[in-house]
Amino acid sequence: GAGAGAGATITATATATASSNSSGRRDRRLSYKLMKWMGNLLAVTSCLSFLIAVPMVAYHAMVIDKARPDFAAFYSAGAFVLITLVMSLKLIYNHLTHWYMPDVQKYVVRILWMVPLYAVQSWLSLRFRNARIYIDTLRDLYEAYVIQSFLYFLMELLGGEDTLVQILQEKDSHYGIHLSLLRFFIPPWEMGFEFMANCKYGVLQYVVAKSVASLATATMEPLGLFGDGEFSFKTGYVYFAFIINLSQMWALYCLVKFYHATHDNLASPVNWKPLGKFMCIKGVVFFTWWQGVAIAVLKSYDLIGDIGQWDVNDVANGLQDYLICVEMFCFAIAHSFTFTHEEYIPGRAEYSSSSGFARTQMGIGGTGGAGVGAADSSSGEGEGDVSLDYTEFRPPVIRTLNTPMGFRDAFWSSTVPNETLNDIRRFRNGASDQDLNDSSEIGMLRNVSMQHAESV
């Protein structure tokens, strides 16, 4: 009888504890949902307030104070810039505090910095018109850097250079054949190292060309030799626009060709949503360029005139900068969906329903995230699963940490572009398969040592 009473007491205590824990979890979920709802309400209210205030400020400046178009442009654009900064910096902070895939997320953060930098630099150009050429030079330099970062980002998602070469070697040779008239001037690229190297060449040449052109523009403008927006063969604008346009189009062609060849691998077994990311990069970089060219054409045909204290050149430049401020607000919203940090949290990746890897529920490795793990996490329960067909699917190895890296270390690892400088030196001296193998072995040794340190 005493034993039965004690058992009943233990059972009652366990039941009460379980009920209390369940109630606590329920209260925490409710609190989280309430705070999230209040945060969303505050964000929507703030955005609506700004969007209502912007037309009022613009109307007051343009109608009541007609001589101050800069006032209307500067302060109304500032409202969009402020919202853009809040959204972009929050997204960057989320990545830096959830630094599980450093080799991938460092490129994501570099890409995310593009929107706030574009917005702030365009906003400052509205206020400091005389310094616009120098401010825009910094923006142009970062633009080229972002295109290169996006290509490297895709390569890391595919497991790095050595794994990527193996993936490309298994592709059909038609991916290396060029389109239209290009095939008469450029021989087909052999799938493998040659394809990857030429895609890198195509993007890196734009980084170099844009850097040289930006510095030359900043030097020629004070001397009156550049003629920004003037379609005259006596100024440098026409020549620079032609050269940069060719360089940019070739970089875009190489990027599209690389994306076309690897799209299936980027969407399965882990669906990294490559199309949305590609469209965001293409929209920010290439749309803003063609937008500037279109405004220059409108100005050359006298379709843009003086407004108040602004002459036609100030109006054309101000229109470009103002539109960029507004557009970056839209791209900041798009980035919050396409470059979310949740993709890189272990166990949060979205797997393609058609892949065998999705049906195994991550039987290989224990870190999740990218369908891969560090060395310390890939030696657990995955070893005993002999039902998987390893010849059918070999997941790319993406270094994934069990715990996120510290904020300071994450920030610094995302700032120094060592890989860009190294690749420029490699391609300048002539890259080869042996160079790739040597660099891959060094990278593999470095990753193993880092993984060992992380496990310790």
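In this note's numbering, the protein residues as written are 256 to 711. Where a beta carbon is used, it is the ideal one built from N, C-alpha and C, also for glycine.
(1) Quickly, what does DSSP pair Ile366 with across the bridge? List them, please.
(2) Do Phe586 and Val363 count as a contact pair if the criterion is CB distance below 8 Å?
(3) Measure from the alpha carbon of Ile579 to the alpha carbon of each residue in Val299, Phe440, Ser380, Thr658, then state which is nearest.
(4) Thr655 and Tyr373 look like a contact to me (Cβ under 8 Å); what is the Cβ gap, rounded to whole Å?
(5) Could you tell me the distance, in whole angstroms, from the CA atom of Lys345 to the CA atom of Glu598?
(6) Can you check the stretch 327–392 for any alpha helix (DSSP H) of at least 4 residues that lies completely inside it and give the ranges in chain order?
(7) Could you tell me the alpha carbon to alpha carbon distance between Pro371 and Ala332, rounded to whole angstroms?
(8) Check this for me: beta carbons of Thr675 and Gln403, under 8 Å apart or not?
(9) Kindly indicate which three-state DSSP category Trp544 falls into: helix, strand or coil?
(10) Given a threshold of 16 other Cβ atoms within 10 Å of its Cβ, counted over all protein chains shown, does Thr352 qualify as buried or as exposed?
(11) For Trp667 and Val336, I'd like the C-alpha separation in whole angstroms.
(12) Since Leu521 and Leu412 are thought to touch, with beta carbons under 8 Å apart, how far apart are those beta carbons, to the nearest angstrom?
(13) According to DSSP, is Ile562 helix, strand or coil?
(14) Within this structure, are the beta carbons of Val401 and Val540 separated by less than 8 Å?
(15) Please say whether Gln376 and Leu396 have beta carbons closer to each other than 8 Å?
(16) So, is Ala549 buried or exposed, given that buried needs 16 or more other C-beta atoms within 10 angstroms?
(17) Have a look at Gly563, Gly573, Lys537, Phe533 and flag the residue whose alpha-carbon is nearest the alpha-carbon of Gly547.
(18) In this structure, does DSSP put Met504 in helix, strand or coil?
(19) Run through DSSP, which three-state label would Phe596 get?
(20) Take the Cβ of Tyr492 as the centre, count every other Cβ of all protein chains shown within 10 Å, and call the residue buried at 16 or more, exposed below.
(21) When burial is assigned at 16 or more other CB atoms within 10 Å of the CB, is Met293 buried or exposed?
With the given structure in hand:
(1) Taking the sequence shown and counting its residues from 1, one reaches residue 366 at position 111. Ile366 pairs with nothing; no bridge assigned.
(2) Numbered from 1 along the sequence shown, position 108 holds the residue referred to as residue 363. Numbered from 1 along the sequence shown, position 331 holds the residue referred to as residue 586. For Val363 and Phe586, no; Cβs fall outside 8 Å.
(3) The count along the sequence shown starts at 1 and reaches residue 579 at position 324. Selected option, being the one with the closest Cα: Ser380.
(4) Residue numbering aside, residue 655 sits at position 400 when the sequence shown is read from its first letter. Residue numbering aside, residue 373 sits at position 118 when the sequence shown is read from its first letter. Rounded, the Cβ-Cβ distance is 31 Å, inconsistent with contact.
(5) Sequence index remark: in the sequence shown, residue 345 carries index 90 (1-based). Sequence index remark: in the sequence shown, residue 598 carries index 343 (1-based). Taking the straight line joining both Cα atoms gives about 16 Å.
(6) Those alpha helix (DSSP H) runs which fall completely within the stretch 327–392 and span 4+ residues are 357–367, 369–382.
(7) Reading the sequence shown from its first residue, position 116 is the one you call residue 371. Reading the sequence shown from its first residue, position 77 is the one you call residue 332. Separation of Pro371 and Ala332 (C-alpha to C-alpha, rounded to the nearest whole angstrom) is 13 Å.
(8) Residue mapping note: residue 675 aligns to position 420 of the sequence shown, counting from 1. Residue mapping note: residue 403 aligns to position 148 of the sequence shown, counting from 1. It is a contact, given that the beta carbons lie within the stated cut-off.
(9) In the sequence shown, residue 544 corresponds to position 289, counting from 1. Helix.
(10) Numbered from 1 along the sequence shown, position 97 holds the residue referred to as residue 352. The C-beta of Thr352 has fewer than 16 other C-beta atoms within 10 Å across all chains shown, which makes the residue exposed.
(11) The sequence position of residue 667 within the sequence shown is 412, counting from 1. The sequence position of residue 336 within the sequence shown is 81, counting from 1. Going from the Cα of Trp667 to the Cα of Val336 covers about 25 Å.
(12) As a working mapping, residue 521 is identified with position 266 in the sequence shown. As a working mapping, residue 412 is identified with position 157 in the sequence shown. Right, their Cβ atoms sit about 6 Å apart.
(13) In the sequence shown, residue 562 corresponds to position 307, counting from 1. Looking at Ile562 - three-state DSSP - the assignment turns out to be strand.
(14) Residue mapping note: residue 401 aligns to position 146 of the sequence shown, counting from 1. Residue mapping note: residue 540 aligns to position 285 of the sequence shown, counting from 1. For the 8 Å CB-CB criterion, Val401 and Val540 form a contact.
(15) Looking up residue 396 in the sequence shown gives position 141. Looking up residue 376 in the sequence shown gives position 121. In terms of Cβ geometry, Leu396 and Gln376 do not form a close pair [threshold 8 Å].
(16) Against the sequence shown, residue 549 aligns to sequence position 294. Exposed, by the Cβ-count rule.
(17) Taking the first residue of the sequence shown as position 1, residue 547 is located at position 292. The option with the nearest alpha carbon to Gly547 is Gly573.
(18) Translated into positions along the sequence shown, residue 504 becomes position 249. It is helical.
(19) Taking the first residue of the sequence shown as position 1, residue 596 is located at position 341. The amino acid occupying residue 596 in the given sequence is His; Phe does not appear at that position. For His596, the secondary structure class from DSSP, reduced to helix, strand or coil, is helix.
(20) For this step, residue 492 is matched to residue 237 along the sequence shown. Burial call: buried.
(21) What you label residue 293 is simply residue 38 of the sequence shown in a count that begins at 1. Its Cβ having fewer than 16 others within 10 Å, Met293 is exposed.
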